[in-house]
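Be aware that the sequence shown starts at 72, since it is given in this note's numbering, and climbs by one per residue.
For reference, the structure is listed below as structure tokens.
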Amino acid sequence: MVLQRDTPVPVWGWAAPGEQVAVAFRGKTYSATPTASGKWQVALPATPAGGPYTMTITGQNTLTIQDILVGDVWLASGQSNMELPLRDKNAPALGAYPMIVNAEQEVADANFPQIRQFTVKKAVAYQPQTEPEGYGWQVCSPNTAGSFSAVGYFFARGLYQRYQVPIGLLSSPWGGTPAEAWVSAEALRQLPDFQDKVANLVAPAAPEKDAQNTATVLYNGMIAPLLPVALKGVIWYQGESNVGRAAQYRTLFPALIRDWRQRFGQPEMPFLFVQLANFTKARQEPAESAWAELREAQTQALALPRTGMAVAIDIGEGADIHPSDKQDVGYRLALVARQVAYGDKRVVAAGPTFQSMTVRGSQVRVKFANVGSGLVLKTGNTTLSGFAVAGADHKFHWAAATLAGSDVVLTCAAVPAPVAVRYDWADNPNGNLYNRESLPAAPFRTDQWVADAVGKP
């Protein structure tokens, strides 16, 4: 087990009403009396990183929990790309997750006893649940690491190697699920698209196929039971199941972030997420893209404080929605965590991001933020790609792009009077702009011409 450091930590459970409960931890004892419903709770004082410790809970019965570490606890949630394990024990059988890059060696090297994971059992519920079901805390070793979330493991490893404090992962994802399944009914009632979905939500008489995709049921079954655990923050990898509903996601995703912060009682809880990777067949000409729109909706969530995004536009695989490179995803999330959650102002945590554009005649100059030590092309490339420009006719054409310090200069003979720029605006783009810290530029567009593929859940 890992408890959150440097903040009061709730410890709770259930007992008979009126029963006296005592919690002994680090030489002190804390008392509680259950409510009429039987729930009791104490708050342990803020504790620095350390351990192992023992906790003894005494009432009519006695429970002793040993080998408790105090460090940083991160909730890892989303859909299949967060669920995908370091090594799927069923691979290569049909239906198994693909193997990540260098899986066997990664598992063999996973000897980090101060990294631990608690996996929440998959559960659909039509009302918020209070008792979490899971598979117990696992200490990271070559014998156990194969079942760890791959993204979660590489994220935790990066933080542990940097800060040398215990890292606990609460792994609570479910593959193929939409964001609305992870939001409380109260929050969804504030969104017009979902009001009817949760107005009279009741459990069906018999289990329904794909019930996990129903609005709010995974919040009820897999997030609510964790409350009010103390967290360092959240890492989130989801969005594939909301592609085609980008305009809706612009409000749904921020609502999820605000909802979780409220439920966990941490209004500024760091919330870090992965932008969708490139996927599906690459196209030869500029075109509209539902995947690009969803990525844009994810980017807009950065308007909320203490959020951060890891760009994955360069690690996807056209024929597989599950990129095998989870190392870079976890590494980039850890960089973002260092900046957002740990206050490291010196770390370069993101690749180039659009800042502004200036048009002079037929030339467009695009200025970027987060250039780090400078703009570069992807290693081995000689021609900058991925940029398209359009004139007043709204027709995009590929642009010739050249680096100019922290800017990129664009020209296109087919567009003598450019008014809009797009970069990596495609399902599976081929942009190759990076900073010298090897972080890719984030996709963007400067126009809002085409109506989003809104869709309805």
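In this text, a Cβ means the ideal position worked out from N, Cα and C, and glycines have one as well.
Bear in mind the structure is a predicted one, so any value in this text is a computation, not a measurement.
Check	Outcome
Tyr402, enclosing alpha helix (DSSP H) - first and last residue	Gln398 to Val411
Beta-carbon proximity check, Lys449 vs Asp478, cutoff 7 Å	no
Own chain residues within Cβ distance below 7 Å of Arg409, not counting five before or after	Arg233, Asp415, Val418 and Ala420
Chain-order list of residues whose beta-carbon lies under 8 Å from that of Gln284 (same chain, five-residue window excluded)	Here the sequence assigns Asn to residue 284, which means Gln is not the residue at that position. Correct list, in chain order: Gly247, Thr248, Pro249, Ala252 and Ser312.
7 Å Cβ cutoff met for Thr287 and Leu259	yes
Neighbourhood of Pro394 by C-beta distance below 8 Å, restricted to the same chain and skipping five residues each side	Asn152, Ala348, Ala383, Ile386, Gly387, Glu388 and Val400
8 Å CB neighbourhood of Val141 in its chain, flanking five on each side removed	Val73, Leu74, Gln75, Arg76, Thr118, Pro119, Ala120, Gly121, Gly122, Tyr124 and Pro237
Every unbroken beta strand (DSSP E) within the stretch 159 to 238, with a cutoff of 3 residues, ordered by chain	183 to 191 and 205 to 211
Cβ-based neighbour list, Gly217, same chain, cut-off 7 Å, excluding 5 preceding and 5 following	Pro156, Leu157, Arg158, Lys160 and Val178
6 Å CB neighbourhood of Asp138 in its chain, flanking five on each side removed	Pro123
Nearest-angstrom Cα separation, counted from Leu504 out to Ser456	8 Å
Distance, Tyr197 Cα to Ala274 Cα	6 Å
Spatial distance of Ala497 from Tyr402 (CA atoms)	24 Å
Environment of Trp520 [buried if 16+ CB atoms lie within 10 Å]	exposed
Local conformation of Arg329 per DSSP, three classes	helix
Nearest-angstrom Cα separation, counted from Thr190 out to Thr133	25 Å
When Val486, Phe425 and Ala470 are compared against Phe515, the one with the closest alpha-carbon	Phe425
Three-state class that DSSP yields for Ser148 in the structure shown	strand
For Gln355 and Gly149, believed in contact at Cβ under 8 Å, the rounded distance	The Cβ separation is near 32 Å, so there is no contact.
Own chain residues within Cβ distance below 6 Å of Pro341, not counting five before or after	Gly304, Arg377, Val411 and Ala412
Residue environment, Ser255, which counts as buried when at least 16 other CB atoms sit within 10 Å	buried
C-beta contact flag for Ile392 and Phe350 at 7 Å	yes
In chain order, each alpha helix (DSSP H) run of at least 4 residues that lies wholly inside the stretch 245 to 325	256 to 259 and 266 to 270
Cα-Cα separation between Thr127 and Met380, rounded to whole angstroms	40 Å
First through last residue of the alpha helix (DSSP H) which encompasses Trp362	Ala361 to Gln371
CA-to-CA distance, Leu406 to Thr370, given in whole angstroms	17 Å
Alpha-carbon to alpha-carbon, Asn291 and Gly239	22 Å
For Gly526, three-class secondary structure by DSSP	Here Gly526 scores only 45 on pLDDT, less than 50, and its place in the model should not be relied on; the value that follows carries that caveat. In this structure, Gly526 counts as coil in the three-state DSSP scheme.
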